[in-house]
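One structure below.
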Amino acid sequence: MDKKISRRTVLLRAVQIPVGGSILFGLSACGSDSGNSTAMLCADPSQMTSAQESVRRTLRYTEVSPDPAKVCSGCDFFHAGSEAGGCGTCEMFTGNPVNPGGYCDSWSVDA
Ligand code: SF4
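Its first residue numbered 73, the sequence shown is counted upward by one per residue in my numbering.
Next up, the structure:
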């Protein structure tokens, strides 16, 4: 068998495996009662329209902020959910769910 695999295929696979693993990890953490808000998955890509997903990608939304001082729960666009410490919503994402421990490039606080 002399089947060649293109460089592009190898690179795509290299990206798909960590992304798929991250999604599965996030889903497994969903609904857990650990009390750790950064472990929750609030934004399920399978439940979004392509436009919603595009906005999140453009603003580089992440369920876990790389900077503990800049998290969604401290952002002016965030609205807390009904459950303390649970998923909230974001005005930038037309009221769709975000993680209180998440972050995106539009993080903002009025001084
Ligand atoms: S604008 Fe970004 S940082 Fe602010 S609540 Fe929405 S997703 Fe979080």
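Where a beta carbon is used, it is the ideal one built from N, C-alpha and C, also for glycine.
At which residues does the alpha helix (DSSP H) containing residue i begin and terminate?
i    : result
T130 : 122 to 130
Taking 8 Å as the line, does the beta carbon of residue i fall inside it for any heavy atom of the ligand SF4?
i    : result
E163 : yes
C144 : yes
G158 : no
D139 : no
D182 : no
G153 : no
G167 : no
L131 : yes
D116 : no
Cα-Cα, which of the options is closest to residue i?
i    : options                : result
E163 : S180, S154, E135, M112 : S180
D182 : C114, T121, V127, K142 : K142
G167 : V127, S118, P140       : V127
S178 : H151, Q119, T130       : T130
F165 : P140, M112, F150       : F150
Which whole-angstrom value describes the C-beta separation of residue i and residue j, a residue pair presumed to lie in contact below a C-beta threshold of 8 Å?
i    : j    : result
G173 : S137 : 6 Å
P169 : A115 : 6 Å
C144 : N171 : 6 Å
Y175 : T134 : 6 Å
So the beta strand (DSSP E) residue i belongs to, where does it begin and stop?
i    : result
G160 : 160 to 162
V170 : 168 to 170
Using only the heavy atoms of the ligand GDP, determine whether one of them is closer than 8 Å to the beta carbon of residue i.
i    : result
V136 : Ligands in the displayed structure: the ligand SF4; the ligand GDP is not one of them.
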